[in-house]
Amino acid sequence: MMTKTSIAIDGYLIQKRAFKNNSLIVTFLTSDGQLLNAIMYQGQKKSLILFCHYYLDVYIRDGLSLINKLEPYGKTKQLAEQALFCGLYVNELIGLLGKGLFDSSQVYIAYQNVITKLSSCQINEFENHLRLFEFIFLKHLGYELDFKADQNGLSIDQEQ
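Right under this line is the structure:
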């Protein structure tokens with residue numbers, strides 16, 4: 008039996024792909040740090056923009072949910088050239104590896120921070136922001152990096 012419950016949430020569009028004739032399957036990173044996969048029917052997809060914060064009214068269903076209402080929520084982050092490439096990289100990481108995210112609001116905050124930083128910082132600072140996001144993301148997936156010992160269990164010299 009399929010249950011239909013409508014909830015109001017906010018989140019960032021991570022991925023979108025074509026579905027049937029005029030619809031999309033979309034993935035949102037929600038403010039509670041989960042990935043939401045949903046179907047959007049034809050009229051809603053015209054102004055769907057990556058790196059934009061959205062307010063969503065969603066019918067939660069087993070499998071793919073159904074987006075009932077979608078509105079931009081705040082300003083869209085403008086990413087160009089290298090920053091756009093870095094933002095797409097972050098979205099791909101989340102879309103491909105984030106299936107196991109559960110109650111990871113810190114990942115959501117880290118995503119907001121990295122997109123904000125990418126839209127306003129210099130090219131030579133991109134890598135630092137990306138590594139910080141990766142570190143937080145991997146930690147929430149259960150792959151936290153330990154910088155105290157190497158792969159053989161030997162202590163890492165802080166001078167090197």
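Letter by letter, the sequence shown follows residues 8 to 167 in the numbering used here. Heads up, the beta-carbon is just placed ideally off N, CA and C, and yes, glycines get one too. Note that the coordinates shown come from a computational prediction; the quantities given were computed from them, not determined experimentally.
In this structure, V97 is the residue among V97, A87, Q89 and E78 with its C-alpha nearest to the C-alpha of Q22. Rounded to the nearest angstrom, the gap between the Cα atoms of N28 and T37 is 27 Å. Relative to the Cα of E141, the nearest Cα in the group K155, Q49 and Q113 belongs to Q113. Contact between S30 and D64 does not hold, since the beta-carbon distance rounds to 17 Å and is not under 8 Å. Contact annotation: L100 and F144 have beta-carbon atoms nearer than 8 Å. A direct Cα-to-Cα measurement between G94 and E134 gives close to 12 Å.
One thing to note: I56 has its Cβ no nearer than 8 Å to the Cβ of F26. Taking C-beta atoms under 8 Å as the contact rule, Y118 and D17 fail to qualify, at a distance of about 12 Å. Shown here, I74 sits in a strand according to DSSP, grouped into three states.
The bridge partners DSSP lists for D17 are Y62.
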